[in-house]
Every structure is written in structure tokens, then in C-alpha cells.
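This report refers to the structure that appears directly beneath it.
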Amino acid sequence: MIDPLASLSTEQSDPRYSDIDRLSTEQVARLMNAADVTVPAAVAVEIPAISAAIDAIAARMRDGGRLFYVGAGTSGRLAVLDASECPPTFGTDPELVQGIIAGGEPALTRSVEGAEDDGDAGAAAIADRQVGALDSVVGVSASGRAPYVLGALAEAGRRGALTVGLSCNAGAPLSAAALHPIEVIVGPEVVTGSTRLKAGTAQKLVLNMISTIAMVRLGRTYGNTMIEVSAMNSKLADRATRMVRDITGADLSVARPALEAAGWHVKVAVLMIERGLGPDDAQLLLRAHGDRLESALAAGGAQGA
């Protein structure tokens, strides 16, 4: 019987690591660190493909589309992690960026046997979310051949969604199924076949790029500040206050009350201070300029403090 995984680079055994069970802890740590250093370079090779995918995703999101990540095992957990960080970081609706993992929520904390082999379940997950032509679906699979992910991507393509395949092997079936293939070739793992290591790191780096840059393109940052941050705790409230201070030059004693009056919306508070507006008028000005702070600030020049 032919093993379809045997030829994959992520499944190969690297002789440099064959005796790690006989090395000291520090020696193994240094080997792992040296292996991890190679990951950013592998990602860099794929930046043109990554960038093209992000631009296509952002264009659809600008028109009201959603972004879905689909994965199994480690890939699925990384997908859910990246998606779950978007609301607190960029103030997005939880429906805008969603992570889908084979096996559902239980698979986030323990392995659900056989879930990644169910292509029909992957397709059903896409159908259940009523994915459409404005949406984008990123399939994530280190091997590039997880049936659950392939099933999801096939259904997404059938529905007219933008499809992206993120894998860590060359010529992956996932790449053939995607409009935008991304193959980050990281090679064999320190522990043979353990793709939660270099492959997982590579996938996290790319997913971070996709979500972050898409949000930048959508105007959900001002410079490199998280102006859509949700001030859900004292740390985030303090961060939001500092943002208003740094953007406007106002003292914290001015920034904090403005934020409170603005319902903790940084962009509204900035416009209140810069244009001398009340919260309602600041909100109207922001909406008139597509919710983009830079455009709203430039409109007519600053009037306030």
C-alpha cells in the first residue's frame, strides 16, 4: 500500500535531529531555535502570493464580504485563534472573520479522531454559514491535503467565494483547489511529522499577515495604532486613552473624558478634540468619510484643540 504522505517534505526525517533524545535540554532548545529561524525566510518567498491574496480578500470585505479560515488539528486551532483576535484588536463584528475547525469546538482542546478526513463535513460547514460570492475562504493545511479543508474549499468555490490555500508542501492538492495558492516550504520538523512546529509557526505568521493587513486596507488602523480597539478592560481603556493623547496631543485629562463621552470609540474621541465637536456630530462626520479617521480629520481642517 502506497503512503500518500511519505513524499511530503513536512513528513521527512531530518538526520540533524535523529539523536535529540540523547542531547541535553539546552542543546535541543538551540536546535529548535535554529530551525525556527528558517521559517520567516520561507514565508518571505511567498510574500507576492500572500499579498495578492490579501488584496483580493480586502476588496471583497470592502464590499461587505466575510473572511473564513478553515483548518483541522493545529491548523484549525491557529485559524480560530487568529479569527478570535480580530474583534478585540480591530473592533470587528465576530461574524466578519470566522475560524472553522474540523470537529467543531471540542477540537480546540483535544483531538477529534477522523474529523479531518471528512470532506463532506467541510463542505457542510461552508454551506451552514451560507458562504457567498462576496466572501473569502482560506483553507489551512500543513500537508495541503486534509479532506475536510479540501471539501470546504471546493464548496466555497462552487458558491463563487474567493478561495485561498495555505500549505507547507509544494504541489499540494489544496493549491490546485484554490484561486490563490500559498505554499510556505519549511521542510522537515525537529520531531518528524510534528507540523505544529515550523509549519505551525509559518501558518500563524501568514494568518497574522492576512488579518492584519486586510484590516489596515479597510481603514481599521490609524498609522500603526489600533484605533478600533474595544476597551473591554482597564488595560485596553488605558491604551485607548494613550492613543487619543498621541494622535491629538491632548493631555490624558482631556483624552479620557472625551473617550468616555464617545462611548470609548477612539476615532470619535479624536474628532471631538480635533474638531471641537460633540460625540453625535463627530460620529456623523466619521460616517460621512467612510469611517476613515484620516479623511475625516482632513475635511476642512481642524477646528478644535
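Residue 1 is where the sequence shown starts when you use the working numbering, and the numbers rise one by one after that.
Cβ coordinates follow ideal geometry from the N, Cα and C atoms, glycine included.
| Check | Outcome |
| --- | --- |
| When the Cα atoms are used, what is the spatial distance from Ala115 to Leu271? | 49 Å |
| According to DSSP, simplified to helix, strand and coil, what is Pro106? | helix |
| Taking its Cβ as the centre, do 16 or more other Cβ atoms sit within 10 Å of Gln98, making it buried, or is it exposed? | buried |
| Give me, in chain order, the residues of the same chain whose beta-carbon lies closer than 6 Å to that of Gly301; leave out the 5 immediate sequence neighbours on both sides. | With a pLDDT of 49 at Gly301, under the threshold of 50, the modelled position of that residue is not reliable, and no figure is offered here. |
| Tell me which same chain residues have a C-beta within less than 8 Å of the C-beta of Arg62, skipping the five on either side of it? | Arg217, Leu218 |
| Starting from the C-beta of Thr25, find all residues in its chain whose C-beta is less than 6 Å away, skip the five residues before and the five after it, and write them out in chain order. | none |
| Does the distance from the C-beta atom of Ala178 to that of Gly139 stay below 8 Å? | yes |
| Cα separation between Gly150 and Leu23? | As written in the sequence, residue 150 is Leu, which differs from the Gly given in the question. For Leu150 and Leu23, the distance between alpha carbons rounds to 39 Å. |
| What first and last residue would you give for the beta strand (DSSP E) that runs through Gly200? | Counting along the chain, Gly200 falls outside any beta strand (DSSP E), though it belongs to the alpha helix (DSSP H) covering 198–217. |
| Taking just the CA atoms, how far does Ala240 sit from Met32? | 37 Å |
| Using DSSP with H/G/I as helix, E/B as strand and the rest coil, what is Thr163? | strand |
| Does the separation of the CB atoms of Leu134 and Ile57 fall below 8 Å? | no |
| Taking the alpha-carbon positions, what's the Ala170 to Thr201 distance? | 17 Å |
| Quick one: which unbroken alpha helix (DSSP H) runs of 4-plus residues sit fully inside the region 39–123? Chain order, please. | 39–45, 47–62, 73–84, 86–90 |
| Using a Cβ-Cβ cut-off of 7 Å (strictly less than) and excluding sequence neighbours within five positions of Ala83, which residues of its own chain qualify? | Tyr69, Val97, Gln98, Gly99 |
| Reducing DSSP to helix, strand and coil, say where Gly290 ends up. | coil |
| Counting along the chain, where does the beta strand (DSSP E) carrying Ile182 start and finish? | 180–183 |
| DSSP three-state call for Thr221: helix, strand or coil? | coil |
| Compute the Euclidean distance between the alpha carbons of Leu153 and Ala288, then round it to the nearest angstrom. | 37 Å |
| Thinking C-beta only, is Ser75 closer than 8 Å to Ala142? | yes |
| Between the C-alpha atoms of Leu293 and Tyr222, what's the straight-line distance to the nearest angstrom? | 7 Å |
| What are the boundary residues of the beta strand (DSSP E) that Gly144 is part of? | Unbroken run through Gly144: none, as it is neither H nor E. |
| Assign Thr195 to buried or exposed, taking buried as 16 or more other Cβ atoms, counted over all protein chains shown, within 10 Å of its Cβ. | buried |
| Where do the ends of the alpha helix (DSSP H) carrying Ala29 lie? | 25–37 |
| Less than 8 Å between the C-beta atoms of Leu197 and Val191, yes or no? | yes |
| Which residue marks the beginning of the alpha helix (DSSP H) containing Asp246, and which one marks its end? | 234–248 |
| For the alpha helix (DSSP H) that contains Ile273, what are its first and last residues? | 266–275 |
| Please identify the residue among Leu277, Gly193, Val229, Asp280 whose C-alpha is closest to the C-alpha of Ala6. | Gly193 |
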